[in-house]
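Peer 1:
Number of protein chains: 2
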Amino acid sequence: MPSSPSLPAWFLGPRAENADLLEKLILEALRDHVFWRRNFHPEDGFTIRETDKRSEGYERAVAKMTQELMGLLAELKQGVPFFSGRYKGHMSFEQTLASQIGYFAAMLYNPNNVALEGSPVTTRLELEAAAGLQQMIGYDVATSWGHLTSGGTVANFEALWIARNIAYLPLAAAGAAQELGVKLDVTLPDGSRAPLHELPLWKLVNITNGAALDLWHALFETAPRADVQKALSEHSLATVGYQDYARRLSKAYGDALPAGVVLVAATAHYSWEKIVRALGIGSNQLIYVPVDTHFRMDPAALWRQVSAFSARKTPVMACISVCGTTEESAVDRLDAVLDVRARAERELGVTFHVHSDACYGGYAASVLWKGDGSRRSAAEVRTSLLGLDWPGEDWVRGVEALGRADSVTIDPHKLGYIPYPAGAFLLKDRRARELVSTDPPYLSQVREGEATEERFLGRYIFEGSKPGAAAASVWLSHKVLPLDERGYGHLVERTVLGARRLHGALGAASMGEFRAVMLPEPDINIVCWVMHHPRLRTLAAVNGLNEGIYQRMSLSRAGAQPEYIITRTRFQTPMYDGAVDPILEALGVCSAAEWKAAGADGLVVLRSTVMDPFLVSPPPAPDHVTGFIGALRRAADAALASGTP
Amino acid sequence: MPSSPSLPAWFLGPRAENADLLEKLILEALRDHVFWRRNFHPEDGFTIRETDKRSEGYERAVAKMTQELMGLLAELKQGVPFFSGRYKGHMSFEQTLASQIGYFAAMLYNPNNVALEGSPVTTRLELEAAAGLQQMIGYDVATSWGHLTSGGTVANFEALWIARNIAYLPLAAAGAAQELGVKLDVTLPDGSRAPLHELPLWKLVNITNGAALDLWHALFETAPRADVQKALSEHSLATVGYQDYARRLSKAYGDALPAGVVLVAATAHYSWEKIVRALGIGSNQLIYVPVDTHFRMDPAALWRQVSAFSARKTPVMACISVCGTTEESAVDRLDAVLDVRARAERELGVTFHVHSDACYGGYAASVLWKGDGSRRSAAEVRTSLLGLDWPGEDWVRGVEALGRADSVTIDPHKLGYIPYPAGAFLLKDRRARELVSTDPPYLSQVREGEATEERFLGRYIFEGSKPGAAAASVWLSHKVLPLDERGYGHLVERTVLGARRLHGALGAASMGEFRAVMLPEPDINIVCWVMHHPRLRTLAAVNGLNEGIYQRMSLSRAGAQPEYIITRTRFQTPMYDGAVDPILEALGVCSAAEWKAAGADGLVVLRSTVMDPFLVSPPPAPDHVTGFIGALRRAADAALASGTP
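From first to last, the protein sequence lines stand for chains D and A.
When we follow our numbering, the leftmost residue of the first sequence carries the number 153, and every step to the right adds one.
When we follow our numbering, the leftmost residue of the second sequence carries the number 153, and every step to the right adds one.
Here you go:
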């Protein structure tokens with residue numbers, strides 16, 4: 153595919169080819185800030201005087217700082233060359249120039265986006281940057297909401313925190329309505345209406361998000377705001393806490409409601425386990441939904457689980473689908489997941505919050521937009537990729553379904569090429585953010601209808617003080633690289649092309665007796681494979697070879713200087729049961745049963761994230777596919793020869 | 153007090169007096185990075201070529217980026233002049249030059265401190281920076297632990313998350329021991345030993361942190377590691393979740409344990425409410441401990457509450473003391489809080505985790521250290537402050553007691569003068585971090601005794617991907633400004649002196665009929681007062697005047713250009729009951745009962761955080777005390793005249 157003529161201007165470059173440009177813009181930002189200070193009440197005179205700067209003590213202090221900085225700079229050079237085509241490891245590449253300059257420029261002002269008072273500019277930039285993401289995934293900006301977080305863990309945490317609050321909202325509303333002596337109807341998942349006070353516990357925990365939020369608003373119509381607020385609070389899980397809440401339910405409904413579960417794609421990030429533990433849900437309630445051999449959540453398995461939980465009257469609090477798994481970049485067919493929910497609502501009267509963890513893959517949605525705001529079809533994308541068979545129609549349906557998920561998380565600091573820290577939490581129905589709001593003492597009383605999120609973001613988010621610089625960074629990068637085929641879409645396409653080229657080359661490579669057993673072509677741009685050699689007869693031996701290759705092709709050993717850098721993961725039972733079968737078969741060293749017996753040792757899988765848009769650049773740009781395969785072969789030889797990982 | 157000759161070199165300065173220095177060091181860092189790239193495998197050739205940079209498309213892309221940057225720079229100038237002596241609002245000032253340069257230098261490398269693989273250098277810097285803080289508060293670096301977070305909310309969240317896991321650890325151990333068929337003894341709070349399997353529920357939830365962790369280690373001696381791990385996990389709250397856990401306890405012990413409570417100083421940050429809600433503890437279980445008229449937790453009130461909960465057999469999960477309240481910079485007498493716990497252990501057999509939220513005030517501990525690593529006495533500090541009556545002996549005892557708190561949180565991005573984001577979580581007994589550990593699939597099996605936190609921080613912390621740049625920023629700043637009287641201690645002292653000067657001047661100021669009703673002299677450097685005028689006869693009228701002053705002296709209105717910038721808070725019932733009485737008395741417009749009736753409207757209090765170390769600089773530096781009082785008078789006149797806030 154032809155490179156956009158803008159691409160060479162988007163990054164500093166593997167050889168810092170754009171050093172002059174970056175230096176010029178950094179200096180511009182710095183001097184602009186300096187003269188802002190000089191122009192602020194110039195009548196105030198000078199606090200630090202030229203004579204102060206000529207004292208011996210000042211000189212000593214400058215010498216100290218300079219010396220320590222030199223030390224730091226020397227140390228930093230032991231860092232990871234993410235910028236180089238030789239780095240093919242984790243989801244790290246260099247950042248867009250715009251994001252680096254935007255971060256630096258705003259950092260000089262150090263705004264705090266917790267409240268408008270400390271960030272009159274960057275709070276707005278944050279909401280604009282999030283709105284861009286909302287639009288990209290197909291949310292209606294007017295009715296949805298979004299903000300930035302320190303990263304995907306906090307964003308996913310917020311998603312489940314809100315999901316839990318919505319799940320239990322009808323229960324709180326029923327309690328509040330009784331206390332206030334008001335009667336209300338509520339919409340059931342099958343579309344029928346029923347009186348709230350007649351619903352049994354099981355029906356109350358199976359109200360759709362939309363119906364729950366409608367109910368909530370209807371309740372506020374029945375009595376003074378403060379009274380409703382108080383009554384709701386007294387019946388909400390957030391106030392009462394799990395221990396008393398469970399006792400109350402059991403007393404009020406004569407029903408010890410089983411603990412609510414969270415269904416999650418088996419490929420989900422390990423942080424989900426942290427999250428359910430911290431929220432008090434418990435990791436026993438984190439239920440893995442099997443994935444298919446492309447590592448996508450299996451809708452048939454999801455249906456079986458939902459049916460089984462329904463039969464046992466166990467509430468499903470949420471289902472976490474993944475768009476771009478961190479290990480394989482697999483993209484769930486989210487439309488099929490949503491179909492399962494629709495069927496459950498229809499046939500079982502059961503519903504749940506659907507969240508898409510698109511922390512890694514979210515930006516891939518940008519390939520489906522043209523510059524004029526209209527949609528691109530799969531065929532159009534394939535044409536621009538010179539007839540590559542990506543994306544399939546089902547990929548497009550799955551990604552377009554993001555617009556129907558109740559919440560989505562996307563990390564600009566992953567496929568957005570933004571410096572850390574930058575995650576994002578997006579919420580389809582903005583009303584739900586009130587369910588987690590907390591007022592600080594310095595916020596004046598909130599009047600209804602007031603755009604409080606502009607004044608005090610901290611009210612609706614988990615974190616408090618947070619860098620406005622991150623908002624400026626994302627904002628400026630989105631301005632320079634639009635979230636469509638001209639900008640981020642172009643970047644993503646080139647990395648998909650690069651990943652496919654690497655995948656094809658590895659599968660076809662002649663490496664003596666070594667053979668790369670390839671996992672399927674990725675949904676985005678992470679290439680996974682297992683190296684094999686006819687001499688190896690057991691899973692442990694294959695793992696040993698691959699671990700040995702990894703050790704030789706990573707910075708995991710101090711002082712290592714690998715030619716190319718990759719990473720590895722470990723497929724474990726039970727999460728990868730079934731999905732791993734074709735790979736085990738191709739390896740032919742162990743049965744599925746033996747793999748299960750291996751437990752946490754699992755299968756070591758080598759892994760290359762192709763975030764490098766230059767990998768497919770034609771000569772005279774370096775050929776880092778051929779170079780990589782040669783290095784892999786040498787590492788494999790060495791690992792096999794040493795016999796130990 | 154004489155200024156350190158280094159002070160003028162520590163900041164860019166209110167007039168950007170050190171612009172040349174900052175520019176020089178930023179350029180040094182940038183070019184150093186550029187040439188690192190050039191020197192990495194120079195044989196790879198160039199990806200972006202000079203001809204690419206001369207294409208029309210490239211020029212357009214550069215023009216676009218430059219134009220958007222210019223737009224951003226113009227917008228940023230509507231930001232807050234934190235650097236100026238005219239800013240006396242929130243806890244924001246400019247950042248140390250070292251922290252700005254350290255952040256920028258490392259940001260170019262964009263390391264990810266979640267794992268050593270992505271941050272071979274900055275993970276170490278993070279642990280070193282945290283170790284500096286551990287040492288400063290008096291922890292033994294060898295047995296304690298610490299790391300950086302995105303901010304105070306996440307750090308405090310981790311503290312309570314860990315506290316809960318320790319609180320329920322003996323229960324899990326009892327269940328696991330039974331399952332494994334082993335018998336163990338455990339130390340009770342009164343120092344006696346008892347067989348674990350004989351303990352009733354109430355005693356199991358009242359084991360000290362140290363005894364619980366000893367028990368945990370003893371359990372691992374009795375059976376293979378994996379078996380113990382499995383048995384413990386099956387009996388832990390984190391796995392089981394609250395709902396099932398409560399049921400199990402009730403079944404196993406015939407005892408429906410009341411929900412555990414969290415005691416918190418009434419002045420605690422509003423984020424504690426978010427935290428207990430999210431953790432599933434519930435805000436009903438967040439119990440406010442009254443504060444005295446200096447806004448410090450009242451130990452007698454704490455003892456009464458602990459006794460009352462003990463009598464009702466309600467477990468106290470944790471007690472949150474504050475070092476530097478965000479509203480008043482009040483420093484709890486933590487030694488007295490710890491005395492209450494010791495007495496509870498002795499007399500009631502009851503114990504709890506003691507956490508100090510030192511997010512704001514933690515750095516003040518640096519005044520108690522000399523450059524040679526020995527302690528400074530209160531008298532020595534007072535001498536360096538030219539006989540100021542700060543700190544008192546009790547202040548010193550309270551701050552030195554941080555070393556005995558089970559956990560402490562400190563925000564470098566507050567009194568550490570570091571750019572956002574930088575919080576820190578410190579844990580007295582490093583063993584406890586295992587209680588929240590989660591293994592990602594790409595981490596190899598952990599061998600006992602291995603220094604895993606160096607390889608994979610993400611295992612022990614709540615967040616995942618996180619900026620190594622923040623670690624470099626804190627690290628470099630600590631190198632240049634040591635955490636003792638020569639560096640941060642000097643800064644803090646100057647701000648205390650400045651705050652006291654401002655406090656005195658405001659109290660003595662002649663402002664016509666206006667009178668500043670001063671809150672007590674602060675424990676650190678936040679000055680609070682209420683403006684009064686004889687014409688005002690009600691609390692609402694006084695609030696109206698102060699809100700009007702705030703509106704005129706803040707950026708809360710678009711386009712406002714106040715002469716000086718302050719902020720305000722709102723003291724509310726029941727948190728400030730009692731503590732507010734002397735102020736109400738001095739105002740003479742309402743009784744304590746009337747104040748209680750005002751509810752959430754409370755009392756509006758004007759507030760100035762003095763983080764400016766230059767406020768006490770002698771002429772010809774500007775006199776921002778006198779200037780401020782004049783501006784306050786004018787704002788008060790205008791607010792009174794307009795009659796509306």
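Built from N, CA and C at the ideal position, the CB exists for glycine as well.
Using a 10 Å radius around the Cβ and a threshold of 16 neighbouring Cβ atoms, would you call residue 395 (chain A) buried or exposed?
Peer 2: Within the second sequence, the letter at position 243 stands for residue 395 (chain A). With 16 or more other Cβ atoms within 10 Å, it is buried.
Peer 1: If you drop the 5 nearest sequence neighbours on each side, which residues of the same chain put their C-beta closer than 8 Å to that of residue 774 (chain D)?
Peer 2: Reading the first sequence from its first residue, position 622 is the one you call residue 774 (chain D). Once the five neighbours on either side are set aside, the close Cβ partners of residue 774 (chain D) are 237.
Peer 1: Give, in chain order, every residue of the segment 547 to 579 of chain A whose Cβ lies closer than 7 Å to some Cβ of chain D.
Peer 2: So the close ones are 565, 571, 572 and 573.
Peer 1: Strictly under 8 Å for the Cβ-Cβ distance: is residue 679 (chain A) near chain D by that measure?
Peer 2: Locating residue 679 (chain A) in the second sequence gives position 527, counting from the first residue. Chain D contact via Cβ: absent.
Peer 1: Taking C-alpha atoms, which residue in A:347, A:551, A:765 and A:220 lies nearest to residue 488 (chain A)?
Peer 2: Reading the second sequence from its first residue, position 336 is the one you call residue 488 (chain A). Nearest of A:347, A:551, A:765 and A:220 to residue 488 (chain A), Cα basis: A:551.
Peer 1: Candidates D:328, D:234 and D:446: which alpha carbon is nearest residue 385 (chain D)'s?
Peer 2: The residue given as residue 385 (chain D) occupies position 233 in the first sequence. Among D:328, D:234 and D:446, the Cα nearest to that of residue 385 (chain D) belongs to D:328.
Peer 1: Does residue 259 (chain D) get closer than 8 Å to chain A when you measure Cβ to Cβ?
Peer 2: Taking the first residue of the first sequence as 1, we reach residue 259 (chain D) at position 107. Yes, residue 259 (chain D) counts as interfacial toward chain A.
Peer 1: Hey, out of A:714, A:608 and A:700, whose CA is closest to residue 193 (chain D)'s CA?
Peer 2: Numbered from 1 along the first sequence, position 41 holds the residue referred to as residue 193 (chain D). The option with the nearest alpha carbon to residue 193 (chain D) is A:714.
Peer 1: Give the range of the beta strand (DSSP E) segment to which residue 579 (chain A) is assigned.
Peer 2: By one-based count along the second sequence, residue 579 (chain A) stands at place 427. That run of the beta strand (DSSP E) goes 575 to 579.
Peer 1: Across which residues does DSSP place residue 506 (chain D) in a beta bridge pair?
Peer 2: Taking the first residue of the first sequence as 1, we reach residue 506 (chain D) at position 354. DSSP, once it has assigned bridges, lists D:471 as partnering residue 506 (chain D).
Peer 1: Mark residue 295 (chain A) as exposed unless 16 or more other C-beta atoms lie within 10 angstroms of its C-beta, in which case mark it buried.
Peer 2: Your numbering for residue 295 (chain A) matches position 143 in the second sequence. It is exposed - the Cβ of residue 295 (chain A) has fewer than 16 other Cβ atoms within 10 Å.
Peer 1: Closer than 7 Å by beta-carbon distance: list the chain A residues that pair up with residue 395 (chain D), in chain order.
Peer 2: The residue labelled residue 395 (chain D) in the question sits at position 243 within the first sequence. Neighbours of residue 395 (chain D) on chain A, chain order: 394, 398 and 411.
Peer 1: Please name the residues in the segment 755 to 770 of chain A whose beta-carbon is closer than 7 Å to at least one beta-carbon of chain D, in chain order.
Peer 2: Under the 7 Å Cβ criterion, the segment 755 to 770 of chain A contributes 766 and 769.
Peer 1: Could you tell me whether any Cβ in chain D is nearer than 8 Å to the Cβ of residue 787 (chain A)?
Peer 2: As a first step, residue 787 (chain A) is located in the second sequence; it is residue number 635 there, counting from the start. With 8 Å as the cut-off, residue 787 (chain A) does not count as an interface residue toward chain D.
Peer 1: Short check: CB of residue 288 (chain D) to CB of residue 755 (chain D), under 8 Å?
Peer 2: Sequence index remark: in the first sequence, residue 288 (chain D) carries index 136 (1-based). Sequence index remark: in the first sequence, residue 755 (chain D) carries index 603 (1-based). Against a cut-off of 8 Å, the Cβ pair of residue 755 (chain D) and residue 288 (chain D) comes out as no contact.
Peer 1: Counting only runs of 4+ residues fully inside the segment 213 to 260 of chain A, write out the alpha helix (DSSP H) ranges in chain order.
Peer 2: DSSP runs (the alpha helix (DSSP H)) wholly in the segment 213 to 260 of chain A: 249 to 259.
Peer 1: Using a Cβ-Cβ cut-off of 8 Å, state whether residue 706 (chain A) counts as contacting chain D.
Peer 2: If you number the second sequence from 1, residue 706 (chain A) lands on position 554. Cβ-Cβ to chain D under 8 Å: yes for residue 706 (chain A).
Peer 1: Inspect the beta-carbon positions of residue 554 (chain D) and residue 508 (chain D) and report whether they are closer than 8 Å.
Peer 2: Counting from one through the first sequence, the residue named residue 554 (chain D) turns up at place 402. Counting from one through the first sequence, the residue named residue 508 (chain D) turns up at place 356. Going by C-beta atoms, residue 554 (chain D) is nearer than 8 Å to residue 508 (chain D).
Peer 1: Taking all protein chains shown into account, do 16 or more other C-beta atoms lie within 10 angstroms of the C-beta of residue 790 (chain A), making it buried, or fewer, making it exposed?
Peer 2: Here residue 790 (chain A) refers to the residue found at position 638 of the second sequence. So residue 790 (chain A) counts as exposed.
Peer 1: Mind pulling the chain A residues with CB within less than 8 Å of residue 244 (chain D)?
Peer 2: As a position in the first sequence, residue 244 (chain D) is number 92, starting the count at 1. Simply 262, 264 and 270.
Peer 1: Can you tell me whether residue 597 (chain A) is buried or exposed? The criterion is at least 16 other CB atoms within 10 Å of its CB, across all chains shown.
Peer 2: Counting from one through the second sequence, the residue named residue 597 (chain A) turns up at place 445. Unreliable placement is indicated for residue 597 (chain A), whose pLDDT of 46 sits below 50; the coordinate value is still reported in the next sentence. Residue 597 (chain A) comes out exposed.
Peer 1: Quick one: measure Cβ to Cβ for residue 706 (chain A) and residue 719 (chain A), integer angstroms, because I've assumed they're closer than 8 Å.
Peer 2: Working through the second sequence from its first residue, we reach residue 706 (chain A) at position 554. Working through the second sequence from its first residue, we reach residue 719 (chain A) at position 567. Confirmed, Cβ separation roughly 6 Å.
Peer 1: Mind checking if residue 193 (chain D) is an interface residue toward chain A, Cβ cutoff 8 Å exclusive?
Peer 2: In the first sequence, residue 193 (chain D) corresponds to position 41, counting from 1. Output row for residue 193 (chain D): interface = yes.
Peer 1: Count the other C-beta atoms from every protein chain shown that fall within 10 angstroms of the C-beta of residue 349 (chain D), then say buried if there are 16 or more, exposed otherwise.
Peer 2: Indexing the first sequence from 1 puts residue 349 (chain D) at position 197. It counts as exposed.
Peer 1: Can you find a C-beta in chain D that's less than 8 Å from the C-beta of residue 474 (chain A)?
Peer 2: The sequence position of residue 474 (chain A) within the second sequence is 322, counting from 1. For residue 474 (chain A), the answer is no, since every Cβ of chain D falls outside 8 Å of its Cβ.
Peer 1: So what does DSSP say about residue 417 (chain D), is it helix, strand or coil?
Peer 2: In the first sequence, counting from the first residue as 1, residue 417 (chain D) sits at position 265. Reduced to three states, the DSSP call for residue 417 (chain D) is strand.
Peer 1: Give the secondary structure of residue 527 (chain D) by DSSP, where H, G and I count as helix, E and B as strand, and everything else as coil.
Peer 2: On the first sequence, residue 527 (chain D) is found 375 positions in, with the first residue counted as 1. Strand at residue 527 (chain D).
Peer 1: Buried or exposed, going by whether 16 or more other CB atoms sit within 10 Å of the CB of residue 642 (chain A)?
Peer 2: Numbered from 1 along the second sequence, position 490 holds the residue referred to as residue 642 (chain A). Residue 642 (chain A) is buried by the Cβ-count criterion.
Peer 1: Taking the straight line between their C-alpha atoms, what separation do you get for residue 655 (chain A) and residue 281 (chain D)?
Peer 2: Here residue 655 (chain A) refers to the residue found at position 503 when the second sequence is read from its first residue. Here residue 281 (chain D) refers to the residue found at position 129 when the first sequence is read from its first residue. Taking the straight line from one Cα to the other gives about 42 Å.
Peer 1: Between D:315, D:679 and D:407, which has its C-alpha nearest residue 586 (chain D)'s C-alpha?
Peer 2: To locate residue 586 (chain D), count along the first sequence from 1; it is residue 434. Looking at the Cα atoms, D:315 is the closest of the given residues.
Peer 1: Taking just the CA atoms, how far does residue 364 (chain A) sit from residue 356 (chain A)?
Peer 2: Numbered from 1 along the second sequence, position 204 holds the residue referred to as residue 356 (chain A). Numbered from 1 along the second sequence, position 212 holds the residue referred to as residue 364 (chain A). Taking the straight line joining both Cα atoms gives about 9 Å.
Peer 1: Would you call the segment 498 to 518 of chain A and the segment 441 to 457 of chain A in contact, with 3 or more CB pairs under 8 Å?
Peer 2: Touching, no.
Peer 1: Quick one: what's residue 798 (chain A) bridged to in DSSP?
Peer 2: Look at the range of chain A in this structure, 153 to 797, and you will see that residue 798 (chain A) is not part of it.
Peer 1: Could you name the residues of the same chain whose beta carbon sits closer than 6 Å to that of residue 241 (chain A), not counting the 5 residues immediately before and after it, in chain order?
Peer 2: By 1-based counting over the second sequence, the position of residue 241 (chain A) is 89. Taken in chain order, the residues that qualify are 717, 718 and 719.
Peer 1: For a test of the three-state rule: what should DSSP assign to residue 599 (chain D), helix, strand or coil?
Peer 2: Against the first sequence, residue 599 (chain D) aligns to sequence position 447. Because residue 599 (chain D) sits at a pLDDT of 45, beneath the cut-off of 50, its placement in the model cannot be relied upon, and the following sentence gives the value as read from the coordinates. In the structure shown, residue 599 (chain D) sits in coil (DSSP, three-state: anything other than H, G, I, E or B).
Peer 1: Taking all protein chains shown into account, decide if residue 581 (chain D) is buried (16 or more other Cβ within 10 angstroms of its Cβ) or exposed.
Peer 2: In the first sequence, residue 581 (chain D) corresponds to position 429, counting from 1. Looking at its Cβ environment, which holds 16 or more other Cβ atoms inside 10 Å, residue 581 (chain D) is buried.
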